[in-house]
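Residues 0 to 317, numbered by numbering that gives the first Met the number 0, are exactly what the sequence shown covers, in order. C-beta atoms are modelled at their ideal positions from N, C-alpha and C, and glycine is treated no differently. These numbers were taken from a predicted model, which means no experiment stands behind them. Okay, structure first, notes after.
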Amino acid sequence: MATLTETPGAQLEPPPHKNRGRTLAARDARAGLALISPTVLIVTVIVVIPIAWTVMIAFQKIKLINLRRTGLFGRYTLDNFVNVLTSSGFASSLGTTFIYTIGGTVGSIVVGLVVALALRNKFPGRGFVRGAMLLPYVAPVVAVTFCWTVMLNPEYGLINAWGQKYLGWDAGIPFLSQDSTALATVIVFEIWRYFPFAFLFITARLSALSSDIEEAALVDGATPWQSFRFVILPQLMPVISVLFILRFIFTFNKFDDVYLLTGGGAGTEVVAIRVYNYLVSRGDLGASAAQALVLAMTLVILMIIYLRASKRSEESAL
0 MATLTETPGA QLEPPPHKNR GRTLAARDAR AGLALISPTV LIVTVIVVIP IAWTVMIAFQ
60 KIKLINLRRT GLFGRYTLDN FVNVLTSSGF ASSLGTTFIY TIGGTVGSIV VGLVVALALR
120 NKFPGRGFVR GAMLLPYVAP VVAVTFCWTV MLNPEYGLIN AWGQKYLGWD AGIPFLSQDS
180 TALATVIVFE IWRYFPFAFL FITARLSALS SDIEEAALVD GATPWQSFRF VILPQLMPVI
240 SVLFILRFIF TFNKFDDVYL LTGGGAGTEV VAIRVYNYLV SRGDLGASAA QALVLAMTLV
300 ILMIIYLRAS KRSEESAL
């Protein structure tokens, strides 16, 4: 009977199916990398590189006049941040940004909620009316700001003409050019333009609500306000929380609406317009990048505080 002998130092080959498994896994990994590589490349070029460049510029004394002679790895300093934080108008512009953001965010959500509830029940032409509610949001911002500027003009604007004819105003009110009305007018424009965003979210959530609980509450004698307060609103709060976060972020960084309406004058200079003025009027790239970073970090801190507070409230509710 033949005896099998092992050669010293010889290595046993793994079973063929194990090698085949490793080959398939490596092939899948390479295919996955090939599929996501275009997305990674686009995100890197469009998002990562500009952010990194902004951070580098914020810590250097760079202006438009010496941009070509300044390298990315020049002398880094905190002078830009010191100048920004100690400048006379930064605190007031930051306060204006908060007022504008909170007023526009809360107002647009409240108006969107009211409109969504008003158009909840079926009636003839409801689809057309719902579609018309989206007009302020989908219209070009240049067009709607021009309409508002003409409408609010103190000399020939429609609002002032009606005010003098029906409300007894002595003269036209410069809504967009006097300190007492400009910021409030811009906030009203923000509410009008972006309430359809909240209206869409809340309408979608209302369509998914079950009517059984509301009918049971009405049978038990609940008033319409009590039904809304204790039945409908708690089911809408997750959507409203998401809306608040999104609208707060979008409004906090808003530039075009305010700039097209007032140019940042009459007490409406938000931080985004201040960054633009530093860049265009002064040509100070370093200071404008530093202000942009301060704006971004302020927004990040506020969002962290809000998310932690929301998490604690959810845990306490459970």
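When DSSP states are grouped into helix, strand and coil, D283 belongs to the strand group. Approximately 7 Å separates the beta-carbon atoms of Y136 and R192; this is inside 8 Å, confirming the contact. Assignment of beta-bridge partners to K62 by DSSP yields D283. Q290 and A28 have their C-alpha atoms spaced approximately 42 Å apart. DSSP places Y193 inside the alpha helix (DSSP H), whose first and last residues are D178 to S206. Secondary structure note for K164: its alpha helix (DSSP H) is the uninterrupted segment L157 to Y165.
Per the Cβ contact rule, the stretch 233-245 is not in contact with the stretch 264-278 (fewer than 3 Cβ pairs under 8 Å). For N82, the CB contacts under 7 Å within the same chain, skipping 5 residues up- and downstream, are A286 in chain order. CA-to-CA, the gap between P139 and D219 works out to about 48 Å.
The straight-line gap separating the alpha-carbon atoms of A216 and V109 is approximately 24 Å.
Of the residues assessed, V42 falls on the exposed side of the cut-off, its CB having fewer than 16 other CB atoms within 10 angstroms. For P233, the uninterrupted alpha helix (DSSP H) run begins and ends at L232 to F251, by DSSP.
Per DSSP, the continuous alpha helix (DSSP H) segment holding N82 begins and ends at D78 to T85. Within the model, the alpha-carbon separation for A131 versus L84 is close to 44 Å. Taken atom to atom, the span from the alpha-carbon of D211 to that of K121 is near 17 Å. A straight-line Cα-Cα distance of about 6 Å links I61 and L284. In this structure, DSSP gives E268 a state outside helix and strand, which the three-state scheme calls coil. Under the 10 Å beta carbon count, D256 is surrounded by 16 or more other beta carbons and is classified as buried.
Excluding the 5 residues flanking it on each side, G263 has same chain C-beta neighbours closer than 6 Å at I272, in chain order. Taking 8 Å as the cut-off, the Cβ atoms of I231 and S107 do not count as close.
When DSSP states are grouped into helix, strand and coil, E214 belongs to the helix group.
Taking Y99 as reference, the option from K253, S280, G31 and S240 with the minimal CA-CA separation is K253.
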